[in-house]
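> Following this note's numbering, the numbering of the sequence shown begins with 1 at its first residue and continues without gaps. Ideal Cβ positions, reconstructed from N, Cα and C, are used throughout, including at glycine. Remember, predicted model here, so these are calculated numbers, not experimental data.
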Amino acid sequence: KTGAAYLPVDPGLPTARIDFMLADAIPVAAIATPELRPRLDGTDLAVIDFDDPEIAIQPRSAPPVPDPENIAYIIYTSGTTGVPKGVAVTHHNVTQLLESVDGELELGYVWSQCHSLAFDFSVWEIFGSLLRGARLVIVPDAVVRSPEELHAMLIREQVSVLSHTPSAVAALSPQGLESVATLVMGGEPCPPEVVDRWATGRVMVNQYGPTETTMYAAMTPPLAAGTGAPPIGSPVPGAALVVLDAWLNPVPVGVVGELYVAGRGVACGYVGRSGLTASRFV
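So, in structure tokens, the structure goes:
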């Protein structure tokens, strides 16, 4: 209702990483449970207790419609190639993400959320389901880490849309998961044996895209067993992929270059890093 962007902070992250994110993004308030509130001691943040009974008496009027170009959230990159960077994603970027699969996938009515809010896969899981009127099954962290418990929960909840990394899917058995009609994978390369085990009897797709492109910018057609390792796919509606040389010229087919992503899903840049934004968002 405030129109502010949200910054998801995974409490499982090291304290130093959390401190870095708070100092870098400079949030003005935090929402936390009583158990997590001590993690914010020593900060200047206004901390809102999630269990505070005063919340229940706040006005329940509909929130104002945000400007599409306003920032919806900030998610930090992993930092594996250097210092973590806060990627500012707009409301327009998120609606583009969801519109890009309309008519492309059969999306059922029970989705699972297996990912941390600090991982952009969660944006697809949460808003992809709720904005379509589906039921969202929030999977506890302990269950996500146990293939046996996750398998049992997917069966119990009759999940129809499962989004996960190939390595996590590889640890699951497809036996008994006939309810999973759509399997969306991303975040890492997918081995061919995962496709061979899972593709039959459901729509299985592989998606590609960094955080800077609002989760994904490319998607494969439905995969089939026996076709080898899946590619990154083709650009989704509203996106474009081009391979350029060091001078930003398109390279001929077969020549090595760097992949650039264009379109409505590209975020507006890195928080507090105008120079890096200018060099990466060309």
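#1: Contact between the region 109 to 117 and the region 85 to 92 is defined here as three or more beta-carbon pairs at a separation below 8 angstroms; is this criterion met?
#2: Work out the CA separation of M21 and N249 for me, nearest whole Å.
#3: Got a sec, what are the start and stop residues for the beta strand (DSSP E) V144 sits in?
#4: Distance check for P166 and V194, CA to CA, integer angstroms please.
#5: Tell me the DSSP secondary structure of E148 in three-state form.
#6: Tell me whether D49 sits in a helix, a strand or coil according to DSSP, three-state version.
#7: Grouping DSSP H, G and I as helix and E and B as strand, with all else coil, what is W198?
#8: Report yes if the C-beta distance between T211 and L97 is below 8 angstroms; otherwise report no.
#9: When DSSP labels each residue in this structure, what does E104 get in the three-state scheme?
#10: From which residue to which residue does the alpha helix (DSSP H) around A16 run?
#11: Check whether the region 97 to 107 and the region 136 to 149 touch, using three or more Cβ-Cβ pairs below 8 angstroms as the test.
#12: Tell me which same chain residues have a C-beta within less than 8 angstroms of the C-beta of P68, skipping the five on either side of it?
#13: Using the rule of at least 16 other Cβ atoms within 10 Å of the residue's Cβ for burial, across every protein chain shown, is R202 buried or exposed?
#14: Along the chain, where does the alpha helix (DSSP H) containing L97 start, and where does it finish?
#15: Please name the residue in A4, L177 and D44 whose C-alpha comes closest to that of P66.
#16: Suppose you measure from the CA of P222 to the CA of P235; what does that come to, to the nearest Å?
#17: Within a Cβ cutoff of 7 angstroms, which residues of the same chain sit near V47, ignoring the five residues on either side of it in sequence?
#18: Would K1 be called buried (16 or more neighbouring beta carbons within 10 Å of its own) or exposed?
Taking the geometry as given:
#1: no
#2: 36 angstroms
#3: That residue, V144, is in no beta strand (DSSP E); its alpha helix (DSSP H) goes D141 to V144.
#4: 7 angstroms
#5: helix
#6: strand
#7: Residue state, collapsed to three classes: helix.
#8: no
#9: coil
#10: T15 to A25
#11: no
#12: T90, H91, H92 and T95
#13: buried
#14: H91 to E99
#15: When only C-alpha atoms are compared, the closest one is A4.
#16: 14 angstroms
#17: Excluding residues within five positions, the ones whose Cβ falls inside 7 angstroms are A30, A32, R37 and L40.
#18: exposed
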